[in-house]
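In what follows, a single structure is set out as structure tokens and then discussed.
There are 4 protein chains.
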Amino acid sequence: MESKYCSWGDTVHYAEHLNIFNSAQGSYLYDDAGVEYLDLQMWYSAVNFGYRNSRLMSAMQAQMDKLPQLACQYLHEEKITLAAKLAQSMEKTFKEKGRIHFNVGGSAAIEDSMKVVRIHTGRNLVFAFMGGYHGRTLGASAITSSFRYREKFGHFSDRATFIPYPYCFRCPYDKKRDSCNLFCLKQFERLFETEYYAVVNKKTDKSEFGAFYIESVQGTGGYVVPPLEYFPRLKKVLERYNILLVDDEVQMGFFRTGKLWGIEHFNVVPDVLVFGKALTNGMNPLSGIWAKETLISPAVFPPGSTHSTFSSNPLGTAIGLETMKIIEESDFALQIPKKGEYFISRLKKLRNKYPQVGDVNGLGLALRVEICQKDGFTPNKPLTDAIANIGLSGNLSSGGKKRGLILDVGGYYKNVFTIAPSFYITNEEIDLGVDLFEEALQKGIALTE
Amino acid sequence: MESKYCSWGDTVHYAEHLNIFNSAQGSYLYDDAGVEYLDLQMWYSAVNFGYRNSRLMSAMQAQMDKLPQLACQYLHEEKITLAAKLAQSMEKTFKEKGRIHFNVGGSAAIEDSMKVVRIHTGRNLVFAFMGGYHGRTLGASAITSSFRYREKFGHFSDRATFIPYPYCFRCPYDKKRDSCNLFCLKQFERLFETEYYAVVNKKTDKSEFGAFYIESVQGTGGYVVPPLEYFPRLKKVLERYNILLVDDEVQMGFFRTGKLWGIEHFNVVPDVLVFGKALTNGMNPLSGIWAKETLISPAVFPPGSTHSTFSSNPLGTAIGLETMKIIEESDFALQIPKKGEYFISRLKKLRNKYPQVGDVNGLGLALRVEICQKDGFTPNKPLTDAIANIGLSGNLSSGGKKRGLILDVGGYYKNVFTIAPSFYITNEEIDLGVDLFEEALQKGIALTE
Amino acid sequence: MESKYCSWGDTVHYAEHLNIFNSAQGSYLYDDAGVEYLDLQMWYSAVNFGYRNSRLMSAMQAQMDKLPQLACQYLHEEKITLAAKLAQSMEKTFKEKGRIHFNVGGSAAIEDSMKVVRIHTGRNLVFAFMGGYHGRTLGASAITSSFRYREKFGHFSDRATFIPYPYCFRCPYDKKRDSCNLFCLKQFERLFETEYYAVVNKKTDKSEFGAFYIESVQGTGGYVVPPLEYFPRLKKVLERYNILLVDDEVQMGFFRTGKLWGIEHFNVVPDVLVFGKALTNGMNPLSGIWAKETLISPAVFPPGSTHSTFSSNPLGTAIGLETMKIIEESDFALQIPKKGEYFISRLKKLRNKYPQVGDVNGLGLALRVEICQKDGFTPNKPLTDAIANIGLSGNLSSGGKKRGLILDVGGYYKNVFTIAPSFYITNEEIDLGVDLFEEALQKGIALTE
Amino acid sequence: MESKYCSWGDTVHYAEHLNIFNSAQGSYLYDDAGVEYLDLQMWYSAVNFGYRNSRLMSAMQAQMDKLPQLACQYLHEEKITLAAKLAQSMEKTFKEKGRIHFNVGGSAAIEDSMKVVRIHTGRNLVFAFMGGYHGRTLGASAITSSFRYREKFGHFSDRATFIPYPYCFRCPYDKKRDSCNLFCLKQFERLFETEYYAVVNKKTDKSEFGAFYIESVQGTGGYVVPPLEYFPRLKKVLERYNILLVDDEVQMGFFRTGKLWGIEHFNVVPDVLVFGKALTNGMNPLSGIWAKETLISPAVFPPGSTHSTFSSNPLGTAIGLETMKIIEESDFALQIPKKGEYFISRLKKLRNKYPQVGDVNGLGLALRVEICQKDGFTPNKPLTDAIANIGLSGNLSSGGKKRGLILDVGGYYKNVFTIAPSFYITNEEIDLGVDLFEEALQKGIALTE
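So the sequence lines, in the order shown, correspond to chains S, L, E and W. One point on numbering: in my numbering, the residue at position 39 of the first sequence is 39, and numbering is uninterrupted. One point on numbering: in my numbering, the residue at position 143 of the second sequence is 592, and numbering is uninterrupted. One point on numbering: in my numbering, the residue at position 380 of the third sequence is 1278, and numbering is uninterrupted. One point on numbering: in my numbering, the residue at position 446 of the fourth sequence is 1793, and numbering is uninterrupted.
Okay, here's the thing in structure tokens:
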């Protein structure tokens, strides 16, 4: 029935074998046969707080009892309180006043951020990163690097100019991190040296580009963490030419990296910040942007600038509000780095044991494992696919019973496991996860070599 | 707090006075003071089945208990069943095999439909109607008529060519319906007569336009119902030049007009149909498209063509499935036209009494009341705004207690009340609604004349 | 050799039989066999002053002796004097100060005019007429109506919105000129009534369109002369919304219509005027624009705004200067209308005799003959082609010897002879031309019926 | 009069002092006062064969006597013969059959090449070089690097992606030529490694880019000569992904570099070649493209693909034909490199003497002198401007009388003299040129330091 009535145009049919799940709890998904799958990707980081988190479910139920529906042109309390909580938190962190604008789905929030950028700069064109991902609406596809996402959909008149990301394990300029002095950033700065580099009018210092879209840690690109000095130096260049920094935190936001926003690690204040996914723990597509007051005040972004039926829907805002409360009451800032370190320490042991485990790295609980040829460097997509499929087959046996393992594949060469476990994962579950991973790895090596 | 931390860029601040609601039931919203507001717009037709509809709330709760979250690259039963139900229903109605592709928010579904169109036609450009509304992402804004939605956001390279809609109360060609013989359609057909009308290459009969985007009944444009023969004749022209018909049913779908899809009234099979809003009765932004098999089969719309984190989220599909069951078990096809007729009959009495009530019309429970000057024709926006604000003030007294009335304003001149009540509205509630409306009308006339 | 080494991409191979000419004088071309062809199109109006006009040839020779070459970043006297003569003449006619900017080829001048428009309005989009032609660079193709000129060349992001031209013989709205009260113009005005017609923001009266490109008399469209009141009323609408009027006089300029610019007949002052072709009588592609001082002063159109190697080349400006002197010393303003009337009177006799001659009309010496079916209305392209090919075959015998006749075909249905004879054509040559035309017409009728 | 009636939008008013010239001969221009200016730029290489070259003037006069005007839809012999000569010469050089398509002005020919590219590749987007210049129509401006040329003219939907040029004196990657192994080219190749570099779909090896526009030697960019191996390696990458190589020879063609086309030095066959300027020695803007038969055969580039009134005008083709005959009868292939070497040897002496002369280089008679600070590297625009203005002031005295010197400034930092003397310059004139240059240099240094 699925193969007949469902479009195959989404990502379901990437898989060799189609898994159907019918329940979930904490870090686990269950299929019809009751097999338990340890989930190490948590809906690409949308379910940071664990499947069926009881506080968040209760918040939703409470809102259902009260006011589950309301046209977004009228107000409800939860919208206001959530916006205030988010904006106040940013004000504290970034020392910048700003406002929140809600929408549904990360792409729609990205499109709203483009509207803010265009009003401010009068320019359609932006910079974005090679390896960057910002969504699949036509507008978001124009600033997402992969040509495959545009190829069949006509001409994209606002295609971004894509800049190499500081991906040090595979430095685009063949440099070594300890001696490079951020050569990649110097390359970007060089573009502003003369008008003949096609970026700036040296007589006015105005640029053809209105913004630079970044992910603080690249998501789909393979959870690549940039050097600490990169973003601050980038921001300085951008400020010189009035180019806005738009920080897409859809995947890394809400403590995935150990802080509320990934960008907080880098001592940089974005001009616009885009959030989504984990705000509702996957129970409502609520998303949104925060922008500096000068970019989003009623004077410049007046009523009617944008609209969406479900933009600040009551159920989404109620869950989001509870999420913010959970965060405020938590010690995630301590726990997440600690769990991340433990997870990495366990994965590094695999790296030492298997040459195919090429890079292990991460920030908070956004972890990466790069699968390579035996040289530890050449990307190995077949082995990566094999491991993922073995995990999904539900035939692993580590921990003493038939189990499955949910992994997500990313990276420029589709050879990176982007690991994003529940924030409530225990050390025992991490151990189990690594054991299952090793089991799948061994089977995968056997299959592909 | 709202004025400080919330963006004003949505439609909240259109209003003179900001209403905060905190509960809802059936056809009613309630504010902090407990004042009851009869809602005649039901979240622009997103809550067709009444606030806090118990069957739909139960379906959501059941899904929360089972599997509230799941990455959309894996399958859950409700997605498959809902897609099958929708596609099978279309197959029965339209005699066409097709598939369903889900997303969240109407705009994102519109963008997916654009992808389908571009793949098939290789063309970025489309026709759309003056007065048409298809959403506010950048791509959707390009095919939505109002220039205000594009003005501040740079250059739109894929701006649609907008064609006059058959709005007979204000015929764009000053014709009378009984003698016009659809002159407006003849004008459209004329564009294909020579290559010098900028639409077609007469040597190849290929057109510069890949699709025509329509609403079966214009929504934001003011619930304008086209003549019955219009769409069938339009479709014939389009077919001659391989131009797809994309039917946006986001606002009119799910029985608003008395049939599942508005287009069913017009004996036309669309090539792509876009739906959203009422599918979940406002509890989840689930949206989607149906397209003919030739346009969406895996061969032409293969895995990875598009993607969205929340596209077929379990909560949304579970509610949508229950909505389809309610529809199957209902007699909406009988009840809705009947209620619509009753409502119109009551409104027509007002028209006979007040010259300012210029046009009363509708299809099913999509009703329009056009507010005019005393000549019964010149649009009267000040009076329209006054009536709406009086309704929102909650100071009406019809029916013996302090009440409010929720109305939505649309139309090319912002002088049309687009009335979309709950499908479960009773005749008594209709009577109350008309009484409240008349009270507000009288007060509005007193204020503005 | 031609068929092997020459691109066929120009218009040479439209013809059935390829004519090679090797000399010319006055109104005549001669082929290898010495056959004389009376030319009634004069290089689509580029050779208004007759082949091998001795004064203009002498002017060119004098410049060759003096300064045939000079980089356009340096000055030569003829450029300055020609610019002054043109601008002073416009100032006298239009009561507007302005400046001249030269380039080569009509399309390049059109592109310069677009730059002026974009600077002033900040908008890429313009209106242009159905049936209009402004050139074949990519930019000019975007505002030229025929889709065929864009079809194979990708997506055109700045495609004009095309408006029906007041072509009264084939009224797009089926009106009659004597009772229409310019219904077509009222249709255009209507677009500004509400923002939902996709043209204007009613809150600011700003338009999505920066300019309206017109030809005072449509050239390629078939020498269609608009009603006298049309342009003045159009201009009023445009001024209300700050939309510039750009008048393309490339084909009609330099007295083709009996005045220096075709627009002078219509009592309208354009904001920008584009000229080319006849300025050098076909001996140099010199073209240019005039724009009002406010649009082209150094403050808004500063050094380096545009550039072209040959823009104000000495040979072209020297010939252009002599052309202006000839015009000043001539009585073209009297002679051309007189000759035009005589020519039309002769052609009208044909119309009375042959039902296939459907419309005879013109302004000055820009004349049109529309070839139709026997009903005098339905366009007859096969007969039109036959007549043109018979003329080119050089086998006519009117006037007592073997002769040819050069005619150009235009019009929306390619059934219009656009007649543009030399300004020095005599009444005897007109008689000969009409006789040759009648001979070809008779033969053509015999062939195609 | 000039300041009042001429647009300042061209490049005339870049100059401090406006020179008016009134005669020319050989390598010299003369102003009103009879001062002789040695011209070392020859109208940016348009007058390669010397001012008032008698053979070329005679050819033009002969054509004036015969057939100076002819609509381009008819044929004349000179067009055919010139096309054949050009195409046959290319066939001999490149071992490729092809065809010639004429137009007027380099930009219009560039636009024709874009049409050829778009037909073949179905893609609007192209690569071009940083520092590249291809003209100033809107289409050509989109692929010309300087943002200044686009800044005020709205959004450019087909903006090229600009790639660093192999400018070894100022290596964009801080490499040294002897050890770089063309790191810059490796960087370009890298873009095709994964789809995440935004250039290619690795599953189909199809690219988002249809062509790469190059100048064999960068013109406006400062006569920068690339390493010999660069273009052959570039072409290999392009061929792998079906990306066409379009070679813009407008400035370097017709023996400026010592070969008919600059690209001949690099052992690469372009897919399309664009020519202009020197073909008529500055007496007619004739330009054109050559394309491989598969790209321009009548099957793919059929009649009506493009058009321009003056495209193959008789005067231009007659001069062009004589130019080709002169070339055939000349020993330019020997003489030009010899003269170039002598010129360079003299300039290098200046470099050894003045630290401000930073780089001296060239190919054939396309020479560059880069003016720097005392460190011999930092660009020195003020000194460059001073030297140019001193030359134009006509107050130099080298060679024993009051003289002027005509120099053109180019380069990314506007600090490069791009020297392009007449092909008939004598060694004595070279000596004089270098003496005048040294005199101006000394005065300039005195003024600016």
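Yeah, the Cβ is synthetic: ideal placement off N, Cα and C, and Gly gets one too. Since the model is a prediction, treat every value here as computed from it, not as a measurement.
Assigned with DSSP and collapsed to three states, Ala982(E) falls in helix. Partner residues in a beta bridge of Gln373(S), as assigned by DSSP, do not exist. Neighbourhood of Ile100(S) in chain L, by CB distance below 7 angstroms: Tyr454, Cys455, Ser456, in chain order. DSSP lists Ala128(S) as the bridge partner or partners of Phe162(S). Under the 8 angstroms criterion on CB atoms, Asn1278(E) is classed as non-interfacial with respect to chain W.
DSSP, reduced to helix, strand and coil, places Asp1357(W) outside both helices and strands of the structure shown, so it counts as coil.
The beta carbon of Pro621(L) lies closer than 7 angstroms to those of Pro613, Cys633 in the same chain, with the five residues before and after it left out.
The C-beta distance from Leu138(S) to Met324(S) rounds to 32 angstroms, too long to fall under 8 angstroms, and the pair is not in contact. At a cut-off of 3 residues, the continuous stretches assigned as beta strand (DSSP E) that sit fully inside the segment 60-115 of chain S are 98-104. Here Leu467(L) is not bridged, per DSSP, to any residue. The segment 755-773 of chain L and the segment 724-742 of chain L touch, with no fewer than 3 CB-CB distances between them shorter than 8 angstroms. Within the same chain, Gln356, Ile371, Cys372, Gln373, Asn415 come within 7 angstroms of Asn380(S) by CB-CB distance, once the 5 residues on both sides are set aside. Residue-level contact by beta carbon fails for Val1144(E) and chain L, as no gap is shorter than 8 angstroms. Not a single C-beta of chain S is nearer than 8 angstroms to the C-beta of Gly580(L).
The Cβ neighbour count for His466(L), taken over all protein chains shown within 10 Å, is under 16; the residue is labelled exposed. Closest in alpha carbon position to Lys202(S), among Ile1490(W), Tyr1496(W), Leu1575(W), Phe1539(W), is Tyr1496(W). Under the DSSP assignment, Trp1637(W) falls in the beta strand (DSSP E) whose first and last residues are 1633-1639. Your pair Ala1318(E) and Leu1263(E) checks out as a contact, with CB atoms roughly 7 angstroms apart and the cut at 8 angstroms. Burial state of Ser179(S) is exposed, judged by a 10 Å Cβ sphere holding fewer than 16 other Cβ atoms. The segment 1433-1453 of chain W and the segment 982-999 of chain E do not touch, with fewer than 3 CB-CB distances between them shorter than 8 angstroms. Ala1489(W) is outside the set of residues whose beta carbon lies under 8 angstroms from a beta carbon in chain S. Using beta-carbon distances, Glu664(L) does not count as an interface residue toward chain S, since no partner is under 8 angstroms. Around Arg504(L), the same chain offers Glu771, Ile775 as residues with beta carbons nearer than 7 angstroms, after the five sequence neighbours per side are excluded.
Under the DSSP assignment, Thr1316(E) falls in the beta strand (DSSP E) whose first and last residues are 1314-1317.
By the Cβ rule, the segment 62-81 of chain S counts as touching the segment 466-477 of chain L, because three or more pairs are nearer than 8 angstroms. Residue pairing of Ile390(S) in beta bridges, as defined by DSSP: absent, with no partner found. Taking 8 angstroms as the CB threshold, Tyr1570(W) stays off the interface with chain E.
Only residues of its own chain outside the window of five on either side were considered, and among them Val1394, Phe1396, Asn1400, Leu1403 have a CB closer than 6 angstroms to the CB of Asn1628(W), listed in chain order. Shown here, Ile430(S) sits in a helix according to DSSP, grouped into three states. DSSP places Gln251(S) in the coil class of the three-state scheme, outside both helix and strand.
In this structure, His307(S) sits away from Arg705(L), with a CB-CB distance that is not shorter than 8 angstroms. Rounded to whole angstroms, the separation of the alpha carbons of Tyr1311(E) and Asp1273(E) is 16 angstroms.
Using a 10 angstroms sphere on the CB of Thr1059(E), the tally of other CB atoms reaches 16 or more, which defines it as buried.
Linking Ala1489(W) to Ser207(S) through their CA atoms gives a straight-line distance of about 15 angstroms. For Ala211(S), there is no enclosing alpha helix (DSSP H); the residue is part of the beta strand (DSSP E) that begins and ends at 211-215.
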